[in-house]
Amino acid sequence: MSYIPNTPQDQQAMLATLGLSSLEELLSPVPENVRLRRPLDLPPALAEPDLKRLLGNMAAKNKNLDDMISFLGAGTYDHAVPSVVPHLQRRSEFVTSYTPYQPEVSQGMLQAIYEFQTMVCQITGLDIANASLYDGATALIEAVLLAIGPGGRGEVVISSGVDPQYRRVLHTYAHARGFNVKEVPTRDGVTSVEDLDAAVSATTAAVVIQQPNFFGCIEDIGAIEPIAHKGKAVFVTTITEPASLGVLAAPGDYGADIAVGELMSFGNTMSYGGPALGFMSARSKYMRLMPGRLVGQTVEEGGDKRTGYVLTLQTREQHIRRERATSNICTNQSLLAVGATIYMAAIGKQGFRELGELCLQKAHYAYRQITAIPGYSARFSSPFFDEFVITAPVSPQKLQRHLEQAGIIGGYSPGISYPDMENDMLFCVTETRTKEDIDTLVSVLKEVQA
Amino acid sequence: MSYIPNTPQDQQAMLATLGLSSLEELLSPVPENVRLRRPLDLPPALAEPDLKRLLGNMAAKNKNLDDMISFLGAGTYDHAVPSVVPHLQRRSEFVTSYTPYQPEVSQGMLQAIYEFQTMVCQITGLDIANASLYDGATALIEAVLLAIGPGGRGEVVISSGVDPQYRRVLHTYAHARGFNVKEVPTRDGVTSVEDLDAAVSATTAAVVIQQPNFFGCIEDIGAIEPIAHKGKAVFVTTITEPASLGVLAAPGDYGADIAVGELMSFGNTMSYGGPALGFMSARSKYMRLMPGRLVGQTVEEGGDKRTGYVLTLQTREQHIRRERATSNICTNQSLLAVGATIYMAAIGKQGFRELGELCLQKAHYAYRQITAIPGYSARFSSPFFDEFVITAPVSPQKLQRHLEQAGIIGGYSPGISYPDMENDMLFCVTETRTKEDIDTLVSVLKEVQA
Amino acid sequence: MRSVESLIFEKGAPGRRAATMTAMDVPTEALESMVPTSMLRKEDAPLPEVSEIEIVRHYTHLSQRNFGVDTGFYPLGSCTMKYNPKINEDMAVLPGFARIHPLQPESTAQGAIQLIYELEQYLSEIAGMARVTLQPSAGAHGELTGLMLIKAYHESNGQGHRNIVLIPDNAHGTNPASATLADYRSVEVKSDPQTGGIDMDHLKALLDANAANIAAIMMTNPNTLGLFDSKIAEIATLVHETGGQLYYDGANANAVLGITRPGDMGFDVVHFNLHKTCSTPHGGGGPGAGPIGVKEHLVPFLPGPMPAKNEQGYYWEDPGAQSIGKMRANKGNFGVLVRAYTYLRTYGPDGLLHVSQSAILNANYLKHELESDYEIAYPQMCQHEFVATAERQKEEHDVTALDIAKRLLDFGMYAPTVYFPLIVHEAMMIEPTETETRETLDYFVSVMRQIAEEARTNPEIVKTAPHTTPVGRLDQALAARKPNLRWTAGQETTH
Amino acid sequence: MRSVESLIFEKGAPGRRAATMTAMDVPTEALESMVPTSMLRKEDAPLPEVSEIEIVRHYTHLSQRNFGVDTGFYPLGSCTMKYNPKINEDMAVLPGFARIHPLQPESTAQGAIQLIYELEQYLSEIAGMARVTLQPSAGAHGELTGLMLIKAYHESNGQGHRNIVLIPDNAHGTNPASATLADYRSVEVKSDPQTGGIDMDHLKALLDANAANIAAIMMTNPNTLGLFDSKIAEIATLVHETGGQLYYDGANANAVLGITRPGDMGFDVVHFNLHKTCSTPHGGGGPGAGPIGVKEHLVPFLPGPMPAKNEQGYYWEDPGAQSIGKMRANKGNFGVLVRAYTYLRTYGPDGLLHVSQSAILNANYLKHELESDYEIAYPQMCQHEFVATAERQKEEHDVTALDIAKRLLDFGMYAPTVYFPLIVHEAMMIEPTETETRETLDYFVSVMRQIAEEARTNPEIVKTAPHTTPVGRLDQALAARKPNLRWTAGQETTH
Ligand SMILES: Cc1ncc(COP(=O)(O)O)c(C=O)c1O
Ligand SMILES: Cc1ncc(COP(=O)(O)O)c(C=O)c1O
């Protein structure tokens, strides 16, 4: 199979125009000392049907969300995608276009991104948003880098209630860029306010929390925000489960300066965790410091002055500002942003609230049922959204083996990142889990005892 | 869930414009004596995710072609559909349009159908083709009705090698319309030439065969055609397996006047047998007698005289000619025609031949392997394309039970329609069956003995 | 901008390819050893030789040159161009529905038979009928099926001589065409110029004159004028008294869901156009599905097989000896049925009632708003559609219904059905459906008013419309005079 | 025709809805009993209130206002806008790939890990590298990852003070921006005005002056001028001699498949843009994937986890102590990787070589055909792209590269990359890719010649272009001066 349309005859004719007679002659600029003089050692070409069989078999080796009842969350959430979303998002005019450098023939993508920026602001309650970032983790980094500023030095304080993967990425970047990261412990599942207070100083560049945090617990922002703002720090909140914003206070309402996070679960496929959809929303004052693309509304130059959309404030970006750019990002996650935009339009104002309520209620139902089983107890007493930690009578590995036999994928094992949580399991219950699913889980848990 | 956009407030405002205050008042033209004064007894409305769960479970109760290795053909064939086909066929501008009554905004569909008509001619070798008919069976009927003419009386001769379902439909129509049908038996799997010769008279309106016929056998057209044409009969050939035309002679080349058949397997989903894609292709002289829609090329009325496409020769059709129309067909199978068109463009000239060769070779390989198993024998010795009848040591029901355990759907049981074929099975092997599939079948068959 | 897309046959080059075939993984033999040389194809079929990117751009461009419901308002009367839900499409392509063979063992098709079984029940309830066959492929196919059932019924009663089908003058063309196929003679019944319903005197006269030979009457209700015939119970009695049957053309069923049922009106047979009432997409001409519902006395004649259920599960039951036989291969347009099933389960009973109510509201709203500028053929309250006319514009400014239709295209909308029903001069049959917003209706009204104004002040712009479409008005006469129904080598597209 | 689509926020009405939520099937409790009142949302997020048909038409219209590879020729230099195969899309959405959770047990994700494992092997072979991490989300992310690896390597050798990254003057902006993020200082290396390659004297001078502080050099080869730097082996030796590392920006890898390998050229690190070289669609800006390949000495520093295999099957291996850590959550843009895997298996070794050869042929062909009307920045044989300029048109007719770009849009094509690389005045960087037909290339040439002619005879038409696009040239200055980055209630679209 090949997507090269020109036949050998076509190519011969074109070579003749160039005064050449073979494709090999075109390679003369590549000196012999670096030429590869053997075929690449790769599997041979496959015809389309044979390739489909191969990949179909490979895909079938994975258990997917239709095969198993899953209670996994921990940063990646299963929210139902209305059919209308992929039907529109996957229209080839969106899919096969590049970054909209020529706005006159890219109004569709530009307008969709402008709508995305708006909707992100609508759910976060902040003033502006960008056109997307790689994922929630790198969005958090970008917020921290913005807070740190061009010097690249300084210190950020982060709650250990933030997703351990995100913190790992932060440490990786911090080491290279040269700034310090201080982690603040949690107490009863939420950021320890005393420790936070002790960690934040007048020179702290950023204070970063996650809401709800990695344990699903709802942070007490009323106590945190004044501490975050006692110096000149930028207060950054991270949202990995955007459905929470249907019922929980918006970052803009509780004093966050920047909200970052992950919107992949809104209208996109889970795809083993990527491509993801990082977002950043902020107060207007950070407009010219924002990383990544921004779409702005404008009008035609000509007399008609029709409304139109363009990439704007590009002097922030790498292709203009180069080493002094606010970020190195170029390719982002636009198509996923389109998906999230259509998703948010489809569920709408009312559906967004209902979504939050469904997740909250279903998770609390599951929590009540599970904590009623002898041997299973709640790890924390703090309020939570749609995830909660259960201490089980057996190790999560053993528990998972039992669950798997019943067609269930249990929760994440926080013990991997939090050494004192060895027998814990982090259950996630979104609106996609039915009462029947939950009851099945509960009945299996009942059978598993120490 | 509802697709009615207007809210109660919208509707109240609209009612007010009409001087009304309730939706009920709009129903006043419906007299009380026929009003339904209770809710319909139907299951309650479901939200989209819940409905998807319901239908997903229902679909999962069916074993599909990805779950089982199938050797079923018998009129419905599994040909691989290149990904490019549904991506284009399912573009909503095609899917959600009506019959192209307004050509200026329907050029896409019209041109695609014009291309379909052309490609049908290219594979049948005949002069013209229409825009589609319901399915192969009704296409056969339409050809017979054309041959019979407006009077609706007369006689047609049909080979019993034609798909039994098609013949059943023909009898159904013949009874209502008032014409006679004579069936001619087969000998060694092909139409008995002697019996055909005896059946066809000077007044026979049509002679109908199938090529390859229902048993997969290749009819000896060299002997049949002169008989079909000895009187004034229209010689109709039926093609249910269009892949055969990649290697077998084209109807236009062997003297057929009309070719009808089924093209669903070219680019469309099998969908339990429907929607299907009937086609009719004929010599030019039948142009004004053709049933169904025809798209023609023309030019703009205005000065530029650009090429364009329109529905044409509409005076043949029911909406103009009413009781004297050439057919009653209105809605046809356009979207499937678009699928077949893209399919034929995608496999192209070379692929079409290769497709035929693949089916032929694979079926013959399977035939050689199966007939080599003790206890299994070829029912017929006539040449065949990609289907063949095997006489098995056990009943097809018993055989199928064994095969099913091995994940195989065996062939069709012709005994259902041909009483003397009780222990026979009609195996179909298209290009979608691999050597491994065939070898698996053979190894299971080996185990099943009387 | 005006533009033309050359044909796929004009693209590509010898040797170009798109999709590749699976590998030949079996030992091969010479073709001649398997197929008699005389039966081998002599020359390759001259199909296109194009690459995948050429195919993709070509058909993407063609799609962009086509208008669908997803593009904009589609007020095509009698066609019920409502929104086609995306979930329906997704359900229809689930492998468990899309990749199953019509002849596979029943044990491996339980979900499919169940769906058909339940859909039959839903449609029976909606129609007020005893049973429904899902076999017919479209409305016209359903009509013929229904007439065959009626014929078989009459024959079984020794009434095989009955050969007349009464058809109102505003009926759709498929009605008389189907009658002919069933070997019936169509006799036209006049409609009442006041009520728009059947002219009762004419009906009675026809019944009297042909009493012994009346096989059936075919009606829609509401009829193609969008008017509900309030005499329907009386008509049913009259026809039944002569021994005739009543056939309900369900093309207008979008007006009656949960409000009234053909069975309750007195009809014996009904067809549905699932591609209208049940939102399955029309696909640029098809596919559709035309299930037929019948009263108890016609059940024995239904074509087979029919879905059934026992303790072991669902199965196909062969028809009895009185069955008319079979109307097509296999079990019907299953892919369409999946969509219709999804649709009915989406709405439920209250929802379906609201569908019809809303469709009726939208139609009456448009009718009311257009009254100032256009003649309305029948001024009374309409059902889901109505017929406006261009008579005033024609007379005063020589602007026809066709001109108005073409001018509408310039505003990003499709046109109403024009010149049908045949009894209304310069007819513009407008069916908004329930899925249009008030804003869209208001926009349509504003454009129609603007066109009426243009007819008065600048008729040329209407008469030369459309102006913004990919091509201008096309020469239909030329197309019919010198039919060119297929491309032949050498023929070139003019740009 | 010019037109404007109002925003989704301007559509709909209070109470309108599209998708409905699943039923609340569990017993509920008061929100306040679960969430402290202070943490409850005060007001609903003001998301749109629109019906499904409004959404469908809105985003369908937006798509129709967007140009993609499926629409037409997209010669955007440096972006490798090749055809995006449809099979790739189908494979990526298989439930077994699309509906799996990144943290599900390895035993339930064997196919996914296998795919990543094998794709790593393929890319390692293509790059001539020891191992490849598939974690980076795009090219720029890969660059940063690569620089971090280099930094970790230097630190492990006690060379942590090395702080300079050499970057050619024609490099892409992400190169210096990434260097900054890795806390490196970018120092520009001049290119040779004759060869277009690195100015060897300048390079040597920089290496001499900063010998102890050179961390790395970042290069593309062929470079952004589309020229292969034939001195690459010598450059590698020179840089390695000072202790520096060589980073290969793989954005131009479409020119080298099976011809030469970054590893063999002497590079230590390479990134791929799978969304360029491996045909994964660019999605209007993303997603992409930027895997990083490294030589053996850098393997210990790779971010984790990495795929591995033993008798039990595939699994994720945590990185060792020297690992830089992690570049993002989870395992990378898996959906993109599925597409790239599909692509590589489609072509196989011979096919990939032919891809690059054909891309090079198409570029040289265009270059040759445009020479008569446009200045070509570097006249020698190019690789997969080349830089033409509008210098002549600018000087003689005040027609700029931007004007020419806009005028191209009128002919159903996208424009080349303009004003990049920065070192060429009025640059028009043209990359046809291998998936374009000769006819498309010829059409592009004819249009470019026509535009050159227009510049001579009717420059206004070029300077006021585009004329046939949905909107005319937009006011970029206004957008930047008065940024409007989001809709706010009351704001209205002008039509
Ligand atoms: C009133 C009426 N009857 C019958 C039909 C025929 O239905 P179909 O096109 O499904 O065959 C139509 C279709 O337009 C119609 O409008
Ligand atoms: C030469 C070059 N380097 C690097 C990049 C950055 O790659 P990405 O957009 O994937 O981050 C690009 C993308 O345009 C490029 O062309």
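Chains as they are written, first to last, in this note's numbering: chain A, 1 to 450; chain B, 1 to 450; chain C, 1 to 495; chain D, 1 to 495. Where a beta carbon is used, it is the ideal one built from N, C-alpha and C, also for glycine.
beta-carbon residue i near ligand 3 non-hydrogen atom, thresh 8 angstroms
| i | result |
| --- | --- |
| Cys278 (chain C) | The model on display carries ligand 1 and ligand 2 but not ligand 3. |
Residue i - DSSP class collapsed to helix/strand/coil
| i | result |
| --- | --- |
| Pro470 (chain D) | coil |
| Asn66 (chain D) | strand |
| Phe94 (chain A) | helix |
| Met429 (chain D) | strand |
| Pro307 (chain D) | strand |
| Lys190 (chain C) | coil |
| Asn62 (chain B) | strand |
Short Cβ contact (9 angstroms threshold) for residue i with residue j
| i | j | result |
| --- | --- | --- |
| His205 (chain B) | Val144 (chain B) | Checking the displayed sequence, the identity of residue 205 (chain B) turns out to be Ala instead of His. Yes. Within cutoff. |
| Glu369 (chain D) | Thr7 (chain A) | no |
| Ile324 (chain D) | Val132 (chain D) | no |
| Met413 (chain C) | Gly72 (chain C) | yes |
| Ala485 (chain D) | Gly308 (chain A) | The amino acid occupying residue 485 (chain D) in the given sequence is Leu; Ala does not appear at that position. No, they are not a contact pair. |
Heavy atom of ligand 1 within 8 angstroms of residue i beta-carbon
| i | result |
| --- | --- |
| Ala138 (chain C) | yes |
| Cys79 (chain C) | yes |
Contact test: residue i Cβ vs ligand 2 heavy atom, cutoff 8 angstroms
| i | result |
| --- | --- |
| Ala251 (chain D) | yes |
| Asn175 (chain D) | yes |
| Thr440 (chain B) | no |
Those residues which DSSP pairs with residue i across a bridge
| i | result |
| --- | --- |
| Met448 (chain D) | DSSP output for Met448 (chain D) lists no bridge partner at all. |
| His271 (chain D) | D:Asp249 and D:Ile292 |
| Ile217 (chain C) | C:Leu166 and C:Leu246 |
| Gly146 (chain C) | DSSP, once it has assigned bridges, lists no residue as partnering Gly146 (chain C). |
| Asn88 (chain D) | The partner list for Asn88 (chain D) (beta bridge, DSSP) is empty, contrary to what the question assumes. |
| Lys42 (chain D) | DSSP lists no partner for Lys42 (chain D). |
| Lys182 (chain A) | A:Val157 |
Residue i burial status per 10 Å Cβ neighbour count (16 or more: buried)
| i | result |
| --- | --- |
| His354 (chain C) | buried |
| Arg345 (chain D) | buried |
| Leu249 (chain B) | Reading the sequence as shown, one finds Ala at residue 249 (chain B) and not Leu. It counts as buried. |
| Arg481 (chain C) | exposed |
| Glu453 (chain C) | exposed |
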